[in-house]
Amino acid sequence: MKSLRALISDIHGNLEALKAVLADIRTKGVTEIYCLGDIVGYGPNPAECIDLVMDLNMCLLGNHDQAALFDPEGFNAGAERAIFWTRSVLEQGVGPKAEKRWDFLGELHRRFRDEDTRTMYVHGSARNPLNEYVFPDDIYNQVKMEKIFALIDQYCFQGHTHIPGVFTDTLEFFSPEEINFKYKLTKQKVMINVGSVGQPRNNDPRSSYVTVDGDLVEFHRVGYDIDETVSKIYGVPELDNFLGDRLREGR
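Counted the way my numbering counts, the sequence shown spans residues 59 to 309.
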């Protein structure tokens, strides 16, 4: 049976968004779900999100996941406070379930390759799978893009920027809206950002994810109970109110 794969990324402890996306995925006959990292950070339900992601077919390490395990590097003050709070929540857990969460995070890989389809999966970029951002404006940075594309066999799926879209090796970027939310894979090299489940930054507050059916990539948007997540964030002193406010605007 041909596989229909869903790719999600950047959940950031947003349980309401994750549940809504997983429910939407279940309506599409998806056979595999991959997560491209950042299960935790920013959001109010890190433990619950880890529990749900554990059951997926593949999950990668994101920079916030690593920061929860070790120490944050290059984080702004708000993100740093959030990740230290996230760590404290995970450390307060007791018993086998809590230990399993730490083991799960500690065993996550930085990249995954599907040799059959010549596809790479990372959180950041093919060059720096954990921390490098590839923004739409980077199509004007020819040196950067050529160096990254040189490391890609054919296709690369990634997250990290929270901005969905398609980058081509001819230095073009297409937002989902520009391509009617569908992109057909060809022999051309492409990088595809799947967007963010838990903290979109493309001026659309709905969660974003993609499905891959053969050579057809489709972008999806899912609404969720933003007010519930915002209320939880407001209730945690260590989480800046801004982390909730930005959810309403998708920025």
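Backbone N, C-alpha and C define an ideal beta-carbon position, used for all residues, glycine too.
Where residue i falls: helix, strand or coil (DSSP)
i, result
"Thr219", "coil"
"Ala64", "strand"
"Glu230", "strand"
"Val79", "helix"
"Glu74", "helix"
The ligand ADP heavy atom lying under 8 Å from the CB of residue i
i, result
"Lys202", "No copy of the ligand ADP occurs in the structure displayed, which carries no ligand at all."
Continuous beta strand (DSSP E) stretch holding residue i: start and end
i, result
"Ile237", "No beta strand (DSSP E) holds Ile237; DSSP gives it neither H nor E."
"Arg279", "Leu274 to Val280"
"Glu307", "From DSSP, Glu307 is part of no beta strand (DSSP E) but of the alpha helix (DSSP H) over Asn299 to Glu307."
"Tyr92", "Glu90 to Cys93"
"Asn251", "Val248 to Asn251"
The alpha helix (DSSP H) enclosing residue i, as first and last residue numbers
i, result
"Thr287", "Ile284 to Tyr292"
"Asp271", "Looking at the DSSP string, Asp271 is not in any alpha helix (DSSP H); the run it does join, the beta strand (DSSP E), is Ser265 to Asp271."
Distance between residue j and residue i (C-alpha atoms, nearest Å)
i, j, result
"Ile210", "Glu131", "26 Å"
"Gly293", "Asn261", "25 Å"
"Gly253", "Pro154", "33 Å"
"Asn189", "Asn121", "6 Å"
"Lys240", "Val152", "44 Å"
"Gly302", "Asp271", "34 Å"
"Gly150", "Asp123", "In the sequence as displayed, the identity of residue 150 is Gln instead of Gly. Going by the C-alpha atoms only, they are around 17 Å apart."
"Leu163", "Asn103", "15 Å"
"Asp68", "Ser265", "10 Å"
"Lys242", "Asp227", "15 Å"
"Phe225", "Gly256", "22 Å"
"Phe133", "Met178", "26 Å"
"Leu127", "Trp160", "8 Å"
"Glu165", "Arg306", "33 Å"
"Leu317", "Asn251", "Past the boundaries of the shown model lies residue 317; the chain is included only from 59 to 309, so the question cannot be answered."
"Thr219", "Ile291", "21 Å"
"Ala137", "Glu106", "19 Å"
"Pro263", "Met112", "25 Å"
"Ala81", "Asn238", "23 Å"
"Gly217", "Tyr191", "9 Å"
"Glu296", "Arg139", "6 Å"
"Phe215", "Met249", "6 Å"
Using 8 Å as the cut-off, can you tell me whether the segment 273–280 makes contact with the segment 87–99, which would need three or more C-beta pairs spanning the two stretches below that distance? No: fewer than three Cβ pairs fall under 8 Å.
Contiguous alpha helix (DSSP H) assignments of at least 4 residues, all confined to the segment 106–150: The segment 106–150 contains, as complete alpha helix (DSSP H) runs of 4+ residues, the segments 121–127 and 135–150 (chain order).
Segments of 3+ residues assigned as beta strand (DSSP E) that fall wholly inside the segment 176–226 | Fully enclosed beta strand (DSSP E) runs of 3 or longer: 177–180, 213–216 and 223–226.
With a floor of 4 residues, list each alpha helix (DSSP H) that falls wholly inside the segment 148–173, ordered by position along the chain. Listed in chain order, the alpha helix (DSSP H) elements of length 4 or more contained wholly in the segment 148–173 are 154–164.
Under 8 Å: do the segment 70–80 and the segment 234–252 share three or more Cβ pairs, one atom per stretch? Touching, no.
_Does the segment 160–173 come into contact with the segment 189–205, if we say contact requires no fewer than three beta-carbon pairs (one atom in each stretch) closer than 8 Å?_
Counting C-beta pairs closer than 8 Å gives fewer than three between the segment 160–173 and the segment 189–205, which falls short of the contact rule.
### Message
Using 8 Å as the cut-off, can you tell me whether the segment 178–188 makes contact with the segment 92–107, which would need three or more C-beta pairs spanning the two stretches below that distance?
### Response
Taking one beta carbon from each stretch, the segment 178–188 and the segment 92–107 have 3 or more pairs nearer than 8 Å; the two touch.
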